[in-house]
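One structure is given below, encoded as structure tokens.
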Amino acid sequence: MCNIKWILLLLFLLIMTSLPVLVSAETVFKEISVTYDEGKKDYIGSATVDIDGNMYFTGSSPGNTYLTVKYDSYGREKWVRTYSPNPASRAGGAGKMTVDRAGNIYVAPSRNLGKILKYDADGNQSILSNPRIVPYGCCSKQTGLVLDKNENNLYSWASHTIQKISLDGGSNWLQRFHTANYLVRGIATDDSGNIYVVGHSVAVNNPSAGGLIIKKFDNLGNVIWSRFWHAEGDGSQGETVHGLQLDTNNNIYLLVQSINYENSCLYCITSFVVRFSSDGSTTNSTILNGTNGYQAGAIKVADDKIYVTMLSRNTHILTVQKLNTDLSLDWSTEYSHSNGNLSLASPDVDGLGNVLVGFRQQYNDVIIKFDVYGNELWTQNFDGRRLVFLKFGTTGEIYAAGSRSTGFGANHNADVVMYRYGVTQLICQ
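Sequence positions in the sequence shown follow the working numbering and run 321 to 749.
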């Protein structure tokens, strides 16, 4: 009987090894290419795509004029809108945008808490917010714009100030996040309408004034809880925040970079992921790739997995890591190229766990796709130098947007480019 079992097992193995081996591979190709070129310096601040595949970007043209453009899903220009804020120099061009499910576009300036504009699907404009203040630290050149999950409220931030804009007739408010010495660096909302805001000290080069603060607000602007975090050591660290994300249980994840001012490791750079529970009662953190030499890039939470990017200061190697919610490491992978740098585009993750990451090379940016295990599937050159937007589409297509520059000095010209890439699955024997 035993001999029969062994004979059957050997026959099964022989049959399996004689079958052709199927190998799956992907190819990527450019489906749609759009270029906005008015023969002058046109700069992109942000881009987005709606559920129907319409493509949008916002940015600035000479004079810090807001510039917003819509293309349909075939890449045909639908409308162009410009707006000149007053004073334009304080607001900068348009820098942030988001879109709702009805195809309404919301646009915010690039470096101040200026006017928030709304465009409907046909390009009709309305002004949602016109704050009569210029926040302290107005030129820190970071702003944010977030639409809550029910699409009832819009939240924006600049410098040390946050504001709520109700889209359904509710209450509006505008208030300082903490003090004038703390800059807001991220906002997220949960399904209940609560808001999570993080900021760090303006004095990042002054370790005695370092640290970061995270607060949870209700939708009326009342503080539910507030927590302070500082990197471990003798207090000689200065922290900056590089992103805030929530998981499905509303736990908070921050990507933080710390600069050390201790003599034993002067100017050493360490990147962390810091986790807070939704009620603020517990916190823990993990160091990413050691205590010296990795610059923080961006963070993305999808399906309760945490994805982070970072760059080696010395070797310019891009590292992408996937973490679990307890901050244990799932996988880590690298992409290296001479003179590389972190991309301005945040990574994206599809429903299967594939990851899209941008990377700045010496002469052009590239897009890299990794599978759910961190294996590199392909690399695509981005025909531009400043990739700012990267996203998976609903059917596997990929969207990317950025700038392309030509000429030097007085002859310098900048165009906005936006692409849709198709992906083909190849099965080879």
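Where a beta carbon is used, it is the ideal one built from N, C-alpha and C, also for glycine.
Keep in mind that this is a model prediction, so the values were computed, not measured.
Assuming contact is defined by CB atoms lying nearer than 8 Å, are residue i and residue j in contact in what I supplied?
i	j	result
F690	L638	no
E559	H520	yes
Q557	S591	no
F349	A721	no
G541	D468	no
T629	L672	no
S723	I364	yes
S275	N501	In the structure as shown, the chain starts at 321 and stops at 749, and residue 275 therefore has no counterpart that could be examined.
S393	D372	yes
A508	L566	yes
G531	W545	no
A665	L608	no
I626	V669	no
I718	L649	no
S652	G694	yes
G506	G563	yes
D357	D735	yes
F712	S366	no
So the beta strand (DSSP E) residue i belongs to, where does it begin and stop?
i	result
D650	649-656
D691	Premise fails: D691 is in no beta strand (DSSP E) and is neither H nor E.
I371	I371 -> no beta strand (DSSP E), and no H or E assigned at all.
E559	557-566
H520	515-521
T388	385-391
L664	Counting along the chain, L664 falls outside any beta strand (DSSP E), and DSSP gives it neither H nor E.
T639	637-643
G613	Looking at the DSSP string, G613 is not in any beta strand (DSSP E), and its letter there is neither H nor E.
A721	718-726
Q445	445-449
A422	First-last for A422: undefined, no H or E at that position.
S632	625-632
S578	572-580
S546	543-549
E358	Element bounds for E358: n/a, residue is neither H nor E.
Y439	436-439
R680	675-680
T590	589-596
T402	397-403
R705	Premise fails: R705 is in no beta strand (DSSP E) and is neither H nor E.
L532	532-537
Going straight from the alpha carbon of residue i to that of residue j, what length do you get?
i	j	result
G390	R740	The residue you asked about is not Gly; residue 390 is Lys in the sequence shown. Their backbone Cα atoms lie some 14 Å apart in a straight line.
D538	L631	36 Å
V400	G443	8 Å
Y456	V561	Annotation note: pLDDT 49 at Y456 (below 50); position unreliable, no value reported.
N493	N644	Strictly speaking, residue 493 in this sequence is Trp, with Asn absent from that position. When rounded, the distance between both Cα atoms is 36 Å.
L465	T714	23 Å
I482	A345	46 Å
F702	S491	43 Å
W698	V692	13 Å
L503	S380	24 Å
Y475	D646	29 Å
D440	I515	26 Å
V341	E397	Residue placement at V341 cannot be trusted, given a pLDDT of 45 that sits under 50; the coordinates are not used to answer.
G600	Y581	29 Å
A411	L574	The predicted position of A411 is uncertain, since its pLDDT is 49 and thus under 50; a value taken from the coordinates is nonetheless stated next. Going by the C-alpha atoms only, they are around 28 Å apart.
T603	R421	35 Å
P667	Q615	16 Å
G716	V743	7 Å
K361	T385	11 Å
V303	G434	The displayed coordinates of the chain run from 321 to 749. Any statement about residue 303 would go beyond what the structure contains.
L387	G660	30 Å
S598	K416	27 Å
V369	N470	18 Å
T726	Q682	15 Å
Q700	V419	27 Å
S449	A478	13 Å
In chain order, which continuous runs of the beta strand (DSSP E) of length 3 or greater are located wholly inside the region 468-509? 473-478, 481-486, 493-496, 502-509
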